[in-house]
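Reminder that position 175 of the sequence shown reads as 175 in our numbering, one-by-one numbering, no gaps.
For every residue, glycine included, the Cβ atom is placed at its ideal position computed from N, Cα and C.
No experiment lies behind these values; they were computed from the predicted model shown.
The structure appears right after this line, and notes come after that.
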Amino acid sequence: MKSIAVAIDGPSGAGKSTIARAAAGRLGFVYVDTGAMYRTIGLAVCRAGVQLGDTAGILPVLPGIEVNLSYEDGVQHVLLNGEDVSDLIRTPEMSKYASFVSAVPEVRAFLLDTQRDMAKKCSVIMDGRDIGTVILPDAEVKIFLTASPEARARRRYLELQQKGENVTLDEVLADMIQRDRDDTTRAEAPLRQAEDAVLVDTSELTLEESMDAVEAVIRRVL
Ligand code: C5P
Numbered sequence: 001m002k003s004i005a006v007a008i009d010g011p012s013g014a015g016k017s018t019i020a021r022a023a024a025g026r027l028g029f030v031y032v033d034t035g036a037m038y039r040t041i042g043l044a045v046c047r048a049g050v051q052l053g054d055t056a057g058i059l060p061v062l063p064g065i066e067v068n069l070s071y072e073d074g075v076q077h078v079l080l081n082g083e084d085v086s087d088l089i090r091t092p093e094m095s096k097y098a099s100f101v102s103a104v105p106e107v108r109a110f111l112l113d114t115q116r117d118m119a120k121k122c123s124v125i126m127d128g129r130d131i132g133t134v135i136l137p138d139a140e141v142k143i144f145l146t147a148s149p150e151a152r153a154r155r156r157y158l159e160l161q162q163k164g165e166n167v168t169l170d171e172v173l174a175d176m177i178q179r180d181r182d183d184t185t186r187a188e189a190p191l192r193q194a195e196d197a198v199l200v201d202t203s204e205l206t207l208e209e210s211m212d213a214v215e216a217v218i219r220r221v222l
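Following this line, the structure appears as structure tokens:
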């Protein structure tokens, strides 16, 4: 059977990874979380002592980085030079580092082939910011998944609270608005809806309803 590519783009906190992972499980596709790859590069850059904003400091770090995704029991793990960093990359600081490194053309070029190669090997659901516009412009299905900043901040806040992170809702909302601004206004592969993408707004939907809406869009091409 021909492999199928599903591109899901949208701002942070819209539920992309949860929904994409669930849809991939239900449909038997491989889930590829490209945000995790940017976060991993952010972690490597942070560990190398590069400060946020020091773009020139990123380039010398790149040659020493290998980012791989591995799948155990259907769960995606992100490896930085063989080390499983799946949990370490899920902090507010790494969100900032991911956004910082992702604006650098060399970083995007570094990940482009890896992401395209994954989609060649098997049917994938890939989520990110530029999957439908840059990485997989010929994807069979494109979805732009979004929600209001308030709804997204509320969800992310609850998630961080459960993990014991000490943040306020206002801080999470401010970070989210800043990250939206950075992601949509950068020169390199800015976040935008592809012309042929289907818009799914989850502001008023439960997680279950959002999953059903996304799955219904994908099933149209199966
Ligand atoms: O999706 P997630 O919040 O984990 O992504 C972290 C950051 O990585 C985003 O805020 C964005 O700046 C960047 N990113 C990107 N392109 C992608 C995926 C993520 O620029 N395809």
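Can you tell me whether residue i is buried or exposed? The criterion is at least 16 other CB atoms within 10 Å of its CB, across all chains shown.
i      : result
Arg220 : exposed
Asp84  : exposed
Gln161 : exposed
Arg26  : exposed
Ala20  : buried
Asp130 : buried
Glu56  : Going by the sequence as given, residue 56 is Ala instead of Glu. Exposed, since its Cβ has fewer than 16 Cβ neighbours within 10 Å.
Val104 : buried
Leu59  : exposed
Ser3   : exposed
Gly15  : buried
Ser70  : exposed
Gln115 : buried
Who are the near neighbours of residue i in its chain, counting only those whose CB is closer than 6 angstroms to its CB and skipping five residues on each side?
i      : result
Phe100 : Leu52
Pro66  : The sequence given here places Glu at residue 66; Pro does not occur at that position. Closer than 6 angstroms at Cβ, skipping near neighbours: Asn81.
Let me check you understand the geometry: is the CB of residue i closer than 7 angstroms to at least one non-hydrogen atom of ligand 1?
i      : result
Tyr38  : yes
Ala98  : yes
Asp183 : yes
Ile131 : yes
Gly15  : no
Arg155 : no
Gly53  : no
By Cβ distance, which residues of its chain are closer than 8 angstroms to residue i, with the 5 residues on each side in sequence left out?
i      : result
Met94  : Arg39, Gly42, Leu43, Cys46 and Leu88
Ala197 : Ala7, Asp9, Gly132, Lys142, Ile143 and Phe144
Rounded to whole angstroms, what's the CA-CA distance from residue i to residue j? Just pull it up for me.
i      : j      : result
Gln76  : Phe144 : 22 angstroms
Gly13  : Ala139 : 23 angstroms
Ala109 : Gly164 : 35 angstroms
Gly49  : Glu209 : 43 angstroms
Ser148 : Tyr97  : 23 angstroms
Leu222 : Cys122 : 15 angstroms
Glu150 : Ser17  : 18 angstroms
Arg192 : Ala36  : 19 angstroms
Val167 : Tyr157 : 8 angstroms
Ala194 : Pro137 : 9 angstroms
With residue i as the anchor, note down where its beta strand (DSSP E) starts and where it stops.
i      : result
Glu150 : That residue, Glu150, is in no beta strand (DSSP E); its alpha helix (DSSP H) goes Pro149 to Gln162.
Does the beta carbon of residue i sit closer than 8 angstroms to a beta carbon anywhere in chain D?
i      : result
Leu145 : Going by chain labels, chain D is absent from the structure shown, which holds only one protein chain.
So, for residue i: in the same chain, excluding its five sequence neighbours on each side, which residues have a beta-carbon less than 7 angstroms away from its beta-carbon?
i     : result
Ala23 : Ile125, Met211, Val214, Glu215 and Ile218
Gly28 : none
Return the first residue and the last residue of the alpha helix (DSSP H) that residue i is part of.
i      : result
Glu215 : Leu207 to Arg219
Leu27  : Lys16 to Leu27
Asp87  : Element bounds for Asp87: n/a, residue is neither H nor E.
Gly53  : Premise fails: Gly53 is in no alpha helix (DSSP H) and is neither H nor E.
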